[in-house]
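S.K.:
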Amino acid sequence: MLTQIESARQGIITPQMQTVAVNEQLEAEYIRRMTAEGKIVIPWNHNRKPARIAGIGKGLSTKVNASIGTSSDIVDYGAEVRKALAAQESGADTLMELSVGGDLDRVRREVIAAVDLPVGNVPLYQAFCEAARKYGDPNKLDEEMLFDLIEQQCADGMAFMAVHCGINLCT
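According to the working numbering, the residues represented by the sequence shown are 4 to 174, in order.
#1: Please report the distance separating the alpha-carbon of Met161 from that of Asn124.
#2: Any chance the stretch 7-25 sits against the stretch 83-94, with 3 or more Cβ pairs inside 8 Å?
#3: Mapping DSSP to helix, strand and coil, what is Glu40?
#4: If the criterion is Cβ atoms closer than 9 Å, does the pair Tyr80 and Gly105 meet it?
#5: Please classify Glu100: does DSSP put it in a helix, a strand, or coil?
#6: So, do the stretch 31-49 and the stretch 57-73 have three or more beta carbon pairs nearer to each other than 8 Å?
#7: For the beta strand (DSSP E) containing Gly123, list its first residue and its last residue.
#8: In terms of alpha-carbon separation, which member of Ala134, Met148, Val166 and Gln91 lies closest to Lys66?
#9: Leaving aside the five residues before and after Asn50 along the sequence, list all residues of the same chain whose C-beta is less than 8 Å from its C-beta, in chain order.
#10: Measuring CB to CB, does Leu107 end up less than 9 Å from Gln129?
#11: Is it right to say Val118 is buried, meaning 16 or more other beta carbons lie within 10 angstroms of its own, or is it exposed?
#12: Excluding the 5 residues flanking Thr22 on each side, which residues of the same chain have their C-beta closer than 6 Å to its C-beta?
#13: Write down the C-beta distance between Met164 and Pro126 rounded to the nearest angstrom, noting that I regard them as a contact closer than 8 Å.
#14: Just curious, the alpha helix (DSSP H) that Ala117 is in, first and last residue?
#15: For Asp96, count the other beta carbons within 10 Å of its own beta carbon; 16 or more makes it buried, fewer makes it exposed. Which is it?
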(Lines of atoms letter the chains of each structure in order from A and count residues from 1; the text may use other names and numbers.)
(Lines give C-alpha, C1' and ligand atoms only; values in the text may rest on other atoms or scores of the structure.)
Protein backbone atom coordinates (compact mmCIF):
# COMPACT_ATOMS: atom_id res chain seq x y z
CA MET A 1 0.00 0.00 0.00
CA LEU A 2 1.19 3.46 -0.82
CA THR A 3 1.48 6.27 1.68
CA GLN A 4 -0.37 9.53 1.13
CA ILE A 5 2.75 11.25 -0.21
CA GLU A 6 3.64 8.31 -2.48
CA SER A 7 0.11 8.30 -3.89
CA ALA A 8 0.18 12.06 -4.38
CA ARG A 9 3.52 11.89 -6.19
CA GLN A 10 2.06 9.28 -8.55
CA GLY A 11 -0.84 11.61 -9.32
CA ILE A 12 -3.36 9.61 -7.28
CA ILE A 13 -6.01 11.43 -5.27
CA THR A 14 -6.75 9.13 -2.34
CA PRO A 15 -10.08 8.99 -0.50
CA GLN A 16 -8.32 10.74 2.40
CA MET A 17 -7.22 13.61 0.14
CA GLN A 18 -10.76 13.85 -1.20
CA THR A 19 -12.13 14.03 2.36
CA VAL A 20 -9.67 16.78 3.27
CA ALA A 21 -10.64 18.68 0.12
CA VAL A 22 -14.34 18.51 1.02
CA ASN A 23 -13.70 19.47 4.65
CA GLU A 24 -11.49 22.40 3.64
CA GLN A 25 -13.68 23.44 0.68
CA LEU A 26 -10.73 23.15 -1.69
CA GLU A 27 -10.06 21.26 -4.90
CA ALA A 28 -8.80 17.71 -4.41
CA GLU A 29 -6.03 18.39 -6.93
CA TYR A 30 -4.69 21.17 -4.70
CA ILE A 31 -4.58 18.77 -1.75
CA ARG A 32 -2.82 16.15 -3.89
CA ARG A 33 -0.26 18.63 -5.24
CA MET A 34 0.56 20.12 -1.84
CA THR A 35 0.82 16.61 -0.36
CA ALA A 36 3.18 15.60 -3.17
CA GLU A 37 5.33 18.64 -2.38
CA GLY A 38 5.35 17.83 1.34
CA LYS A 39 3.42 20.99 2.20
CA ILE A 40 0.33 19.14 3.43
CA VAL A 41 0.26 15.98 5.52
CA ILE A 42 -2.67 13.70 6.19
CA PRO A 43 -1.97 11.53 9.25
CA TRP A 44 -3.12 8.06 8.26
CA ASN A 45 -2.30 4.47 9.10
CA HIS A 46 -3.63 1.57 7.04
CA ASN A 47 -3.85 -0.52 10.23
CA ARG A 48 -6.39 1.86 11.74
CA LYS A 49 -8.84 4.00 9.88
CA PRO A 50 -9.91 6.92 12.07
CA ALA A 51 -13.36 8.30 11.38
CA ARG A 52 -11.94 11.81 11.44
CA ILE A 53 -9.38 12.73 8.82
CA ALA A 54 -7.29 15.86 9.23
CA GLY A 55 -5.23 17.64 6.63
CA ILE A 56 -2.46 19.77 8.10
CA GLY A 57 -0.42 22.33 6.22
CA LYS A 58 -0.29 25.05 3.61
CA GLY A 59 -3.58 26.71 2.81
CA LEU A 60 -5.60 24.64 5.27
CA SER A 61 -7.48 25.71 8.37
CA THR A 62 -5.65 25.72 11.68
CA LYS A 63 -5.80 22.40 13.50
CA VAL A 64 -5.93 21.66 17.23
CA ASN A 65 -3.72 18.90 18.60
CA ALA A 66 -4.40 17.73 22.16
CA SER A 67 -1.73 16.02 24.25
CA ILE A 68 -2.34 13.40 26.93
CA GLY A 69 -0.23 10.83 28.72
CA THR A 70 0.72 9.10 31.93
CA SER A 71 3.70 10.15 33.99
CA SER A 72 6.07 8.14 36.14
CA ASP A 73 4.06 9.41 39.15
CA ILE A 74 0.48 9.01 37.90
CA VAL A 75 -0.64 5.99 35.89
CA ASP A 76 -4.40 5.82 35.38
CA TYR A 77 -5.36 4.18 32.09
CA GLY A 78 -9.03 5.09 32.45
CA ALA A 79 -8.13 8.74 33.04
CA GLU A 80 -6.09 8.81 29.83
CA VAL A 81 -9.01 7.40 27.86
CA ARG A 82 -11.33 9.96 29.47
CA LYS A 83 -8.89 12.77 28.61
CA ALA A 84 -8.67 11.51 25.02
CA LEU A 85 -12.45 11.42 24.71
CA ALA A 86 -12.73 14.90 26.27
CA ALA A 87 -10.24 16.22 23.72
CA GLN A 88 -12.20 14.63 20.89
CA GLU A 89 -15.53 15.94 22.19
CA SER A 90 -14.00 19.41 22.54
CA GLY A 91 -13.08 19.48 18.86
CA ALA A 92 -9.43 18.40 18.73
CA ASP A 93 -8.34 17.40 15.25
CA THR A 94 -5.48 15.12 16.34
CA LEU A 95 -4.24 13.60 19.57
CA MET A 96 -0.72 13.05 20.90
CA GLU A 97 -0.34 10.15 23.33
CA LEU A 98 2.79 11.02 25.33
CA SER A 99 2.83 8.50 28.16
CA VAL A 100 6.04 7.71 30.04
CA GLY A 101 4.65 5.75 33.00
CA GLY A 102 3.01 2.35 33.38
CA ASP A 103 2.34 -0.12 30.58
CA LEU A 104 2.93 2.12 27.57
CA ASP A 105 1.65 -0.44 25.06
CA ARG A 106 -1.59 -0.74 27.02
CA VAL A 107 -2.28 2.97 27.30
CA ARG A 108 -1.49 3.52 23.61
CA ARG A 109 -3.80 0.70 22.51
CA GLU A 110 -6.63 1.75 24.82
CA VAL A 111 -6.46 5.37 23.67
CA ILE A 112 -6.31 4.43 19.98
CA ALA A 113 -9.33 2.14 20.44
CA ALA A 114 -11.33 4.83 22.24
CA VAL A 115 -11.13 7.76 19.83
CA ASP A 116 -11.91 8.50 16.19
CA LEU A 117 -8.98 10.92 15.86
CA PRO A 118 -5.61 10.34 14.24
CA VAL A 119 -3.28 9.55 17.17
CA GLY A 120 0.43 10.34 17.24
CA ASN A 121 3.28 10.03 19.69
CA VAL A 122 7.00 10.42 20.29
CA PRO A 123 8.56 6.95 19.92
CA LEU A 124 11.69 7.97 21.80
CA TYR A 125 9.68 8.38 25.00
CA GLN A 126 8.77 4.71 25.12
CA ALA A 127 12.15 3.67 23.74
CA PHE A 128 14.01 5.47 26.52
CA CYS A 129 11.63 4.03 29.13
CA GLU A 130 12.20 0.51 27.81
CA ALA A 131 15.98 0.93 27.59
CA ALA A 132 16.02 2.21 31.18
CA ARG A 133 13.99 -0.83 32.32
CA LYS A 134 15.99 -3.34 30.29
CA TYR A 135 19.51 -1.97 30.75
CA GLY A 136 19.18 0.40 33.70
CA ASP A 137 20.20 3.29 31.44
CA PRO A 138 18.14 5.02 28.72
CA ASN A 139 21.36 5.85 26.88
CA LYS A 140 21.81 2.13 26.16
CA LEU A 141 18.99 2.37 23.62
CA ASP A 142 20.11 0.92 20.30
CA GLU A 143 18.64 1.43 16.86
CA GLU A 144 17.22 -2.09 16.63
CA MET A 145 15.18 -1.56 19.79
CA LEU A 146 14.00 1.84 18.53
CA PHE A 147 12.96 0.63 15.09
CA ASP A 148 11.28 -2.50 16.47
CA LEU A 149 9.27 -0.23 18.76
CA ILE A 150 8.33 2.12 15.91
CA GLU A 151 7.14 -0.87 13.85
CA GLN A 152 5.02 -2.07 16.79
CA GLN A 153 3.50 1.38 17.28
CA CYS A 154 2.64 1.54 13.58
CA ALA A 155 1.09 -1.93 13.76
CA ASP A 156 -1.03 -0.66 16.66
CA GLY A 157 -2.39 2.14 14.45
CA MET A 158 -0.28 5.17 15.31
CA ALA A 159 -1.03 7.74 12.58
CA PHE A 160 1.93 10.08 13.04
CA MET A 161 5.08 10.47 15.09
CA ALA A 162 7.34 13.25 16.28
CA VAL A 163 10.90 12.22 15.55
CA HIS A 164 13.67 13.93 17.48
CA CYS A 165 16.48 13.60 14.96
CA GLY A 166 18.92 15.81 16.89
CA ILE A 167 19.30 13.39 19.78
CA ASN A 168 22.54 11.46 19.94
CA LEU A 169 24.56 9.63 22.58
CA CYS A 170 26.25 12.87 23.67
CA THR A 171 23.12 14.97 24.27
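Even for Gly, the Cβ is constructed at its ideal location relative to N, Cα and C.
M.R.: Walking through what the data contain:
#1: Mapped onto the sequence shown, residue 161 falls at position 158. Mapped onto the sequence shown, residue 124 falls at position 121. Whole-angstrom Cα-Cα distance: 7 Å.
#2: no
#3: Taking the first residue of the sequence shown as 1, we reach residue 40 at position 37. Three-state result, Glu40: coil.
#4: By one-based count along the sequence shown, residue 80 stands at place 77. By one-based count along the sequence shown, residue 105 stands at place 102. Yes, these two residues count as a Cβ contact at 9 Å.
#5: Indexing the sequence shown from 1 puts residue 100 at position 97. Reduced to three states, the DSSP call for Glu100 is strand.
#6: yes
#7: As a first step, residue 123 must be located in the sequence shown, where it is residue number 120. From DSSP, the beta strand (DSSP E) with Gly123 extends over Val122 to Asn124.
#8: Taking the first residue of the sequence shown as position 1, residue 66 is located at position 63. Checking every option, the nearest Cα to that of Lys66 belongs to Gln91.
#9: Taking the first residue of the sequence shown as position 1, residue 50 is located at position 47. Cβ neighbours of Asn50 beyond the five flanking positions: Cys157, Ala158, Asp159 and Gly160.
#10: On the sequence shown, residue 107 is found 104 positions in, with the first residue counted as 1. On the sequence shown, residue 129 is found 126 positions in, with the first residue counted as 1. Yes, the pair counts as a contact, with Cβ atoms nearer than the cut-off.
#11: Start at 1 with the first residue of the sequence shown, and residue 118 comes out as number 115. So Val118 counts as buried.
#12: Position 19 of the sequence shown, counted from the start, is the residue given in the question as residue 22. Excluding sequence neighbours, Thr22 sits near Ile56.
#13: Indexing the sequence shown from 1 puts residue 164 at position 161. Indexing the sequence shown from 1 puts residue 126 at position 123. Indeed they touch by this definition, with Cβ atoms about 6 Å apart.
#14: If you number the sequence shown from 1, residue 117 lands on position 114. Where Ala117 is concerned, the enclosing alpha helix (DSSP H) stretches over Leu107 to Ala117.
#15: On the sequence shown, position 93 is the one that residue 96 refers to. Answer is buried; the Cβ neighbour count reaches 16.
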